[in-house]
Amino acid sequence: MTILHVDMDAFYASVEQRDRPELRGKPVIVGGSPTGRGVVSTASYEARKFGVHSAMPTSQALRLCPQAILVRTRMSHYVDVSKRIRDIFNRYTPEVEPLSLDEAFLNVSGCEQLFGTAEKIGRAIKESIWNELNLVASVGVAPNKFLAKLASDLEKPDGFTVIASDRILSTLAPLPISRLWGVGKVTERRFATAQLSTFGDLQRLTVEQSRHLLGNAGEHFWGLARGIDKRRVVSDRQAKSISNETTFPVDIDCADVLQAWLLELTEQVCCRLRTHDQLGRTVQLKLRYSDFHTITRSCSVDSPTDSTDVVWQVAQKLLREAMPTRQLAVRLLGVGITNLDTARPQQLTLFNDEGEPKQVATAQIDSTLDAIRQQFGRSAMRRASLVQHQVDLKRGS
């Protein structure tokens with residue numbers, strides 16, 4: 001296989017700087033309210049110099065960078081821009097696996113006869129995104145998904161890196177162990193205790209030694225240090241779910257921050273459902289803790305839905321039930337919808353169903369909120385149920 005990983009640089013912030021030229025070159029924070037439970041969705045590279053990063057409470061980010069300009073999230077707008085980026089991908093290959101609005105894997109194996117080498121395809125995609133959308137992408141080219149994602153991150157921002165099949169071990173050897181996919185602060189300390197600081201250190205171990213030192217995750221890390229990853233690109237045509245997840249720059253142990261980020265992910269997933277005219281029946285929650293232990297929880301609703309409020313109520317219930325089982329900080333949080341179906345007109349019942357007016361009203365609210373947030377930002381309008389939930393959290397209930 002030949003895989004590309006395309007990752008938009010500071011996507012939300014870059015879109016805002018593109019749309020508002022007065023923001024260019026300035027520290028921009030895209031996220032929630034500076035008070036309460038607002039969190040940073042993303043920050044421009046000018047703001048990142050001050051230590052600002054995604055998932056950080058907005059209030060903390062503004063203390064680190066008081067001159068930053070806070071911009072409300074416009075999720076519907078970012079979805080539209082993401083669709084235009086996807087259109088560019090689809091010119092070169094139908095095998096596109098979106099990870100979120102701002103990054104995707106592309107399998108370009110077999111496309112070389114039409115468009116040239118994988119490197120040439122990657123550069124063409126990067127150039128098209130800049131020429132047509134005035135946005136910058138970093139691109140990694142490699143034999144598998146892990147290496148492609150790693151490559152796209154090596155020279156950010158505006159990076160382009162190729163990891164050739166015959167140079168995998170030598171390319172990886174000097175990299176710090178923190179670049180291994182899934183390594184958080186706790187796992188990094190375990191590596192340090194075992195005097196492992198680079199990929200090369202781990203490459204010199206046997207798989208048995210790695211298991212002994214690192215437990216259940218030892219074999220996983222041993223394989224990644226050698227560039228081994230057998231996962232395939234799963235395109236939308238094959239996908240059976242729509243999901244978004246984020247790996248936090250630092251492990252999160254604050255329930256309020258997790259709740260706020262959960263809402264952010266839920267908004268993204270449901271907006272994508274509505275954009276693609278799809279409904280889903282099962283809500284899934286994914287948590288990865290600082291020790292790399294991962295759990296998933298799911299719950300199905302009575303009928304397929306694309307309602308943010310319905311999915312949010314289920315997602316936060318799953319989070320409340322999952323958290324007490326573990327005391328470790330959270331490394332990764334994800335929300336997904338499975339059992340998908342194409343949205344289509346629904347036949348109302350002959351006799352009045354008290355639930356039908358509410359369903360119609362909820363759908364109208366969602367579409368109206370999408371339009372308002374696209375124009376004025378995510379915080380311009382909020383559902384009363386979510387506001388009440390925030391009040392309850394502040395009261396400690």
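Counted from 1, the sequence shown has number 211 at position 211 by the UniProt record's numbering; the numbering is strictly sequential.
Even glycine gets a Cβ: it sits at the ideal position worked out from N, Cα and C.
**Message:** Closest to Ser-44 by C-alpha separation, out of His-5, Val-15 and Pro-34, would be which residue?
**Reply:** Stepping through the sequence shown from its first residue, residue 44 is reached at position 44. Selected option, being the one with the closest Cα: Val-15.
**Own chain partners of Trp-312 with C-beta closer than 6 angstroms, once the 5 adjacent residues on each side are dropped** = As a working note, residue 312 is residue 312 in the sequence shown. Once the five neighbours on either side are set aside, the close Cβ partners of Trp-312 are Thr-266.
**Neighbourhood of Tyr-12 by C-beta, 7 angstroms cutoff - its chain only, sequence neighbours within 5 removed** = Position 12 of the sequence shown, counting from 1, holds the residue named residue 12. Excluding sequence neighbours, Tyr-12 sits near Val-30, Ser-41, Thr-42, Thr-73 and Tyr-78.
**Request:** Over the uninterrupted beta strand (DSSP E) stretch that includes Val-310, give me the two end residues.
**Result:** In the sequence shown, counting from the first residue as 1, residue 310 sits at position 310. Where Val-310 is concerned, there is no enclosing beta strand (DSSP E), although the alpha helix (DSSP H) it sits in stretches over 308-322.
**DSSP three-state assignment for Asp-19, whether helix, strand or coil** = As a first step, residue 19 is located in the sequence shown; it is residue number 19 there, counting from the start. Asp-19 falls in the helix class under three-state DSSP.
**Request:** Under 8 angstroms by Cβ, that's how I've got Ala-137 and Ile-129 pegged, so tell me the actual separation to the nearest angstrom.
**Result:** Indexing the sequence shown from 1 puts residue 137 at position 137. Indexing the sequence shown from 1 puts residue 129 at position 129. With 8 angstroms as the limit, Ala-137 and Ile-129 qualify as a contact, their Cβ atoms being about 5 angstroms apart.
**Per-residue burial, residue 399 [other beta carbons within 10 Å of its own, 16 or more giving buried]** = Here the chain covers residues 1 to 397 and nothing more, so residue 399 does not appear.
**Item:** Under 7 angstroms between C-beta atoms of Arg-331 and Arg-288
**Value:** Residue numbering aside, residue 331 sits at position 331 when the sequence shown is read from its first letter. Residue numbering aside, residue 288 sits at position 288 when the sequence shown is read from its first letter. Taking 7 angstroms as the Cβ cut-off, Arg-331 and Arg-288 qualify as a contacting pair.
**Message:** Does Glu-103 pass the burial test, meaning 16 or more other C-beta atoms within 10 Å, or should it be called exposed?
**Reply:** Taking the sequence shown and counting its residues from 1, one reaches residue 103 at position 103. Looking at its Cβ environment, which holds 16 or more other Cβ atoms inside 10 Å, Glu-103 is buried.
**Asked** So what's Gly-25 in DSSP terms, helix, strand or just coil?
**Response** Along the sequence shown, read from residue 1 onward, the residue named residue 25 stands at position 25. DSSP places Gly-25 in coil when its eight states are reduced to three.
**Item:** Backbone secondary structure at Met-75 - three-state DSSP
**Value:** In the sequence shown, counting from the first residue as 1, residue 75 sits at position 75. DSSP places Met-75 in helix when its eight states are reduced to three.
**Asp-80, DSSP secondary structure in three states** = For this step, residue 80 is matched to residue 80 along the sequence shown. It is helical.
**Message:** For residue 452 and Ser-152, what's the separation of their Cα atoms in angstroms?
**Reply:** Residue 452 lies beyond the range of the chain shown here (1 to 397); nothing can be said about it.
**Asked** In three-state DSSP terms, what is Val-269?
**Response** Residue numbering aside, residue 269 sits at position 269 when the sequence shown is read from its first letter. Note: Val-269 maps to helix in three-state DSSP.
**Item:** Backbone secondary structure at Pro-345 - three-state DSSP
**Value:** Translated into positions along the sequence shown, residue 345 becomes position 345. Here Pro-345 scores only 49 on pLDDT, less than 50, and its place in the model should not be relied on; the value that follows carries that caveat. Three-state DSSP puts Pro-345 in coil, outside helix and strand.
**Item:** Element boundaries [beta strand (DSSP E), containing His-5]
**Value:** As a working mapping, residue 5 is identified with position 5 in the sequence shown. His-5 -> beta strand (DSSP E) spans 3-8.
**Span of the alpha helix (DSSP H), counted from its first residue to its last, around Ala-47** = Position 47 of the sequence shown, counted from the first residue, corresponds to residue 47. Looking at the DSSP string, the run of the alpha helix (DSSP H) that includes Ala-47 is 45-48.
**Item:** When Leu-180, Trp-181, Val-257 and Val-233 are compared against Gly-32, the one with the closest alpha-carbon
**Value:** Along the sequence shown, one-based indexing puts residue 32 at 32. The shortest C-alpha separation from Gly-32 is found at Val-257.
**Strand pairing of Cys-65, partner residues [DSSP]** = One-based indexing of the sequence shown puts residue 65 at position 65. Partner(s): none; Cys-65 has no beta bridge.
**Asked** Whose C-beta lies closer than 8 angstroms to the C-beta of Glu-219 among residues of the same chain, with five residues either side of it excluded?
**Response** Start at 1 with the first residue of the sequence shown, and residue 219 comes out as number 219. Within the same chain, Glu-219 has close Cβ partners Val-207, Ser-210 and Arg-211.
**Message:** Quick check on this structure: which residue in Leu-4, Lys-49, Asn-134 and Ile-3 has the alpha carbon closest to the alpha carbon of Gln-67?
**Reply:** Looking up residue 67 in the sequence shown gives position 67. When only C-alpha atoms are compared, the closest one is Lys-49.
**Item:** Residues near Phe-89 in its chain [Cβ-Cβ closer than 8 angstroms; skip 5 each side]
**Value:** For the purposes of this step, residue 89 is identified with residue 89 of the sequence shown, where counting begins at 1. Counting only Cβ-Cβ distances below 8 angstroms, and skipping sequence neighbours, we find Val-6, Val-96, Ala-104, Leu-106 and Ile-125.
**Request:** Specify the secondary structure class of Thr-187 as computed by DSSP and reduced to three states.
**Result:** Here the question's residue 187 lines up with position 187 in the sequence shown. DSSP places Thr-187 in helix when its eight states are reduced to three.
**Item:** Chain-order list of residues whose beta-carbon lies under 6 angstroms from that of His-53 (same chain, five-residue window excluded)
**Value:** Counted from its first residue, the sequence shown places residue 53 at position 53. Here the set comprises Pro-249.
**Beta-carbon proximity check, Thr-58 vs Pro-21, cutoff 7 angstroms** = Here residue 58 corresponds to residue number 58 of the sequence shown, with the count starting at 1. Here residue 21 corresponds to residue number 21 of the sequence shown, with the count starting at 1. Against a cut-off of 7 angstroms, the Cβ pair of Pro-21 and Thr-58 comes out as no contact.
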